[in-house]
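Protein chains: 2
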Amino acid sequence: MISAIILAAGNSTRMGGVNKQFLKLGGEPVLLRSVQAFLWVKEVGEILVVCRREDWGETADLLGNLPKVRVVPCGGETRQQSMENALGYLYPLCDMIAVHDGARPLIRPEDIEKTIAAAKKTGGAVLGVKAKDTVKVVREGKVVFTPDRSELFCAQTPQVFKLDAYREAVKRVKEKGLDLTDDAGIFEAAGMEVAAVEGHYDNIKITTPEDLPAAEAMLALQPEWVMEEIDEEGF
Amino acid sequence: MISAIILAAGNSTRMGGVNKQFLKLGGEPVLLRSVQAFLWVKEVGEILVVCRREDWGETADLLGNLPKVRVVPCGGETRQQSMENALGYLYPLCDMIAVHDGARPLIRPEDIEKTIAAAKKTGGAVLGVKAKDTVKVVREGKVVFTPDRSELFCAQTPQVFKLDAYREAVKRVKEKGLDLTDDAGIFEAAGMEVAAVEGHYDNIKITTPEDLPAAEAMLALQPEWVMEEIDEEGF
Chain A
307 MISAIILAAG NSTRMGGVNK QFLKLGGEPV LLRSVQAFLW VKEVGEILVV CRREDWGETA
367 DLLGNLPKVR VVPCGGETRQ QSMENALGYL YPLCDMIAVH DGARPLIRPE DIEKTIAAAK
427 KTGGAVLGVK AKDTVKVVRE GKVVFTPDRS ELFCAQTPQV FKLDAYREAV KRVKEKGLDL
487 TDDAGIFEAA GMEVAAVEGH YDNIKITTPE DLPAAEAMLA LQPEWVMEEI DEEGF
Chain B
307 MISAIILAAG NSTRMGGVNK QFLKLGGEPV LLRSVQAFLW VKEVGEILVV CRREDWGETA
367 DLLGNLPKVR VVPCGGETRQ QSMENALGYL YPLCDMIAVH DGARPLIRPE DIEKTIAAAK
427 KTGGAVLGVK AKDTVKVVRE GKVVFTPDRS ELFCAQTPQV FKLDAYREAV KRVKEKGLDL
487 TDDAGIFEAA GMEVAAVEGH YDNIKITTPE DLPAAEAMLA LQPEWVMEEI DEEGF
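First to last, the sequence lines map onto chains A and B.
Take 307 as the starting number for the first sequence in our numbering and just add one per residue.
Take 307 as the starting number for the second sequence in our numbering and just add one per residue.
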């Protein structure tokens, strides 16, 4: 069984202190949209939403009536602490986790499914898109290196892992004394293989103030694209 | 004197063949907005707009009446060819060039000025933003490396260079037999220093269909931010 873990415990400092999870997109809270995409994926048997302790009431009011959803309060400060907290709540028959940012409301159910399918083969998979920008490595305000853009991949979520392998990876990374903010990075640091799955550019994370109107505009475009894709595949 | 070189000769394959330069943003063509930002910068003495030969008429109609602007047709296929073409048209007293994508209409005049100021010190400077996404190096569908995100910088334009140094850099890079799509990359490959100047996330390049409505939404926000910034700095 696959459990989705939706991380909604960020502190929204880059959003001016407003909790971005509750901001409205197309009339619905961002977090509700993120969760709904996982409700469309049949293989997902439960959805754990990790929120800050002080947001638990509001989050449970918003999501508590949805099937499969459990809202889990978290005292942790970091993404890794949120994750560890969530792992403790997993349904015992869970053998795979799909970790997703609560602030990525434009995720498409078919991209979740593609990422799950890849992780079944390799053990770990991350959704993302090819980098559009030239990315440079900068130290002290000076460019030190420009990696080959054609090899660069901007990681999004979901990131999907076989649970046994993920637990093993966390253990190995802790032994090395590393603290990583990126789950696929934990897998990689443990020497395990992660597949890169190509998704859509509109699966942005609502992080800074200009992201919300941009997401609004992309949302308006999305249903049409989804229709087109379904047509192309002959459904 | 500083010459702006606005590159508008892309083939728009990722936009479904439509010439993105003429798409409307807030009621005005994208290219016109990109050019207007440079008209606001006093130090810029001329603006060369490089377009495809077949677009010359339409581009000249759009921009021909603006002060300082010259529309230059280009037969070249690559960015580097567009650049070389433009260099041949530079006003003889030009000693610095500011290269900008015609498809980045949300550039702010103050960010152009900041980049120019940095290039005066180091010889070369590139505007951009800190990476928000985790970026991974992927080969054959598998993640091979995750660089430290805190050091990653997404390059935008303008990229500003002292003209002598730029010509020297192009010469050195050609001797090495490299063909680079990124002007700052040419500078770096020649062993010259490039400063990374932090700008704004909304200075996106209109590349794929979802970019235009997103830019539209960001444009609606932009004047307010500009006001805020001016307030903060006490003007």
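Heads up, the beta-carbon is just placed ideally off N, CA and C, and yes, glycines get one too.
Is there a C-beta anywhere in chain A that falls below 7 Å from the one on M402(B)? Counted from its first residue, the second sequence places residue 402(B) at position 96. For M402(B), the answer is no, since every Cβ of chain A falls outside 7 Å of its Cβ.
Identify every residue that forms a DSSP beta bridge with K448(A). As a first step, residue 448(A) is located in the first sequence; it is residue number 142 there, counting from the start. According to DSSP, residue pairing for K448(A) in a beta bridge involves R445(A) and A501(B).
In chain B, what lies closer than 7 Å to M389(A) by C-beta? As a first step, residue 389(A) is located in the first sequence; it is residue number 83 there, counting from the start. Residues of chain B whose Cβ lies closer than 7 Å to the Cβ of M389(A) do not exist; the shortest such Cβ separation is about 15 Å.
Give the range of the alpha helix (DSSP H) segment to which G363(B) is assigned. What you label residue 363(B) is simply residue 57 of the second sequence in a count that begins at 1. Looking at the DSSP string, the run of the alpha helix (DSSP H) that includes G363(B) is W362 to L369.
What residues from chain B crowd round R445(A), counting only those whose CB sits closer than 7 Å? Here residue 445(A) refers to the residue found at position 139 when the first sequence is read from its first residue. Chain B residues near R445(A): E457.
Unbroken beta strand (DSSP E) run spanning A431(B), endpoints: Mapped onto the second sequence, residue 431(B) falls at position 125. Looking at the DSSP string, the run of the beta strand (DSSP E) that includes A431(B) is G430 to K436.
So does the region 410-422 of chain A actually touch the region 384-400 of chain B, counting three or more Cβ pairs closer than 8 Å? Touching, no.
Measuring straight from C-alpha to C-alpha, what distance separates E446(A) and M307(B)? Within the first sequence, residue 446(A) is the residue found at index 140, counting from 1. Within the second sequence, residue 307(B) is the residue found at index 1, counting from 1. For E446(A) and M307(B), the distance between alpha carbons rounds to 29 Å.
If you compare alpha carbons, which of C380(A), A425(A) and L338(A) is closest to L369(A)? What you label residue 369(A) is simply residue 63 of the first sequence in a count that begins at 1. Considering only alpha carbons, the answer is L338(A).
Say whether chain A places a C-beta atom closer than 7 Å to the C-beta of T384(B). For the purposes of this step, residue 384(B) is taken as the residue at position 78 of the second sequence. Chain A contact via Cβ: absent.
Secondary structure, beta strand (DSSP E): runs of 3+ residues fully inside the region 371-403 of chain A: List check, beta strand (DSSP E) in window: 375-380.
If we ignore side chains and look at the alpha-carbon of each, how far apart do C380(A) and A315(A) end up? Start at 1 with the first residue of the first sequence, and residue 380(A) comes out as number 74. Start at 1 with the first residue of the first sequence, and residue 315(A) comes out as number 9. For the pair C380(A) and A315(A), the Cα-to-Cα distance works out to about 7 Å.
Can you give me, in chain order, the residues of the region 488-502 of chain B that have a beta carbon less than 7 Å from any beta carbon in chain A? Those would be D488, A490, G491, E494, E499, V500, A501 and A502, in chain order.
Establish whether the CB of L372(A) and some CB of chain B are separated by less than 7 Å. Counted from its first residue, the first sequence places residue 372(A) at position 66. Under the Cβ criterion of 7 Å, L372(A) is not counted among the residues facing chain B.
Would G434(B) and A461(B) be called neighbours here (beta carbons separated by less than 7 Å)? Counting from 1 along the second sequence, the entry for residue 434(B) is found at position 128. Counting from 1 along the second sequence, the entry for residue 461(B) is found at position 155. Yes, they are a contact pair.
I'd like to know whether the C-beta of A461(B) is nearer than 7 Å to at least one C-beta of chain A. The sequence position of residue 461(B) within the second sequence is 155, counting from 1. It does; some Cβ of chain A falls within 7 Å.
Can you grab the Cα-Cα spacing for the pair V336(A) / V503(A), in whole Å? The count along the first sequence starts at 1 and reaches residue 336(A) at position 30. The count along the first sequence starts at 1 and reaches residue 503(A) at position 197. Each residue's Cα considered, the two are about 24 Å apart.
Less than 7 Å between CB atoms is the rule here; does E516(B) satisfy it with respect to chain A? Here residue 516(B) corresponds to residue number 210 of the second sequence, with the count starting at 1. True, the Cβ-Cβ gap to chain A drops below 7 Å.
Using a Cβ cut-off of 8 Å, pull out every chain B residue sitting near M524(A), in sequence order please. If you number the first sequence from 1, residue 524(A) lands on position 218. Chain-ordered, the chain B residues with CB closer than 8 Å to the CB of M524(A) read E516, P519 and A520.
When you check each C-beta in the region 348-372 of chain B against every C-beta of chain A, which residues fall closer than 9 Å? Taking 9 Å as the Cβ-Cβ cut-off against chain A, none of the residues of the region 348-372 of chain B qualify.
Is K511(A) helix, strand or coil when you go by DSSP? Taking the first sequence and counting its residues from 1, the one referred to as residue 511(A) is at position 205. When secondary structure is reduced to three states using DSSP, K511(A) falls in the coil class, being assigned neither helix nor strand.
Any heavy atom of the ligand GTP within a distance shorter than 6 Å of the CB on A425(B)? Inclusion of the ligand GTP in the displayed structure is not the case, the ligand content being empty and no account of it being possible.
Contact check, T262(A) vs G491(B) under 8 Å by CB: the rounded distance? Beyond the ends of chain A as shown, which are 307 and 541, falls residue 262(A); an answer cannot be given.
If I measure Cβ to Cβ from K511(A) and keep anything under 6 Å in the same chain, skipping five residues before and after, which residues do I get? Locating residue 511(A) in the first sequence gives position 205, where the first residue counts as 1. So the qualifying residues of the chain are D407, A409 and R410.
Chain B within 7 Å of K330(A), Cβ atoms only: Position 24 of the first sequence, counting from 1, holds the residue named residue 330(A). Chain B, which has no Cβ nearer than 7 Å to the Cβ of K330(A), makes this no.
Can T365(B) and V350(B) be called in contact, C-beta distance under 7 Å? Your numbering for residue 365(B) matches position 59 in the second sequence. Your numbering for residue 350(B) matches position 44 in the second sequence. With a cutoff of 7 Å on beta-carbon distance, T365(B) and V350(B) are scored as not near each other.
CA-CA distance, E539(A) and P415(A)? Position 233 of the first sequence, counted from the start, is the residue given in the question as residue 539(A). Position 109 of the first sequence, counted from the start, is the residue given in the question as residue 415(A). For E539(A), the predicted model reports a pLDDT of 40, less than 50, meaning its position is unreliable and no value from the coordinates is stated.
Short CB-CB distance (under 7 Å) between K426(A) and chain B: Indexing the first sequence from 1 puts residue 426(A) at position 120. Among the residues facing chain B, K426(A) is not included, as its CB has no counterpart in that chain under 7 Å away.
Interface residues of chain A around L527(B) at Cβ under 8 Å? Counting from 1 along the second sequence, the entry for residue 527(B) is found at position 221. Here the neighbours are P515, E516 and P519.
Minimum C-alpha distance to E474(A) - residue among G333(A), E390(A) and V341(A): The sequence position of residue 474(A) within the first sequence is 168, counting from 1. Answer by Cα proximity: E390(A).
What's the call for K594(B), buried or exposed, on a 16-neighbour Cβ count within 10 Å? No information on residue 594(B) is available, as it lies outside the stretch 307 to 541 that chain B covers here.
Collapsed DSSP secondary structure at P335(B) in the structure displayed: Residue 335(B) sits at position 29 when you count from the first residue of the second sequence. The answer is strand: DSSP assigns P335(B) an E or B state.
Please go through the same chain and pick out, in chain order, the residues whose beta-carbon is closer than 7 Å to the beta-carbon of K448(A), but skip the five residues on each side of it. As a first step, residue 448(A) must be located in the first sequence, where it is residue number 142. Cβ neighbours of K448(A) beyond the five flanking positions: none.
Where G491(B) sits in the DSSP three-state scheme: Locating residue 491(B) in the second sequence gives position 185, where the first residue counts as 1. Note: G491(B) maps to helix in three-state DSSP.
Of the residues K436(B), I403(B) and G333(B), which one's Cα is nearest the Cα of V355(B)? Working through the second sequence from its first residue, we reach residue 355(B) at position 49. Of the residues K436(B), I403(B) and G333(B), the one whose Cα lies closest to the Cα of V355(B) is I403(B).
Can you find the residues in the same chain that come closer than 8 Å, C-beta to C-beta, to L458(B), ignoring five residues on each side of it along the sequence? To locate residue 458(B), count along the second sequence from 1; it is residue 152. Within the same chain, L458(B) has close Cβ partners K436, A437 and V441.
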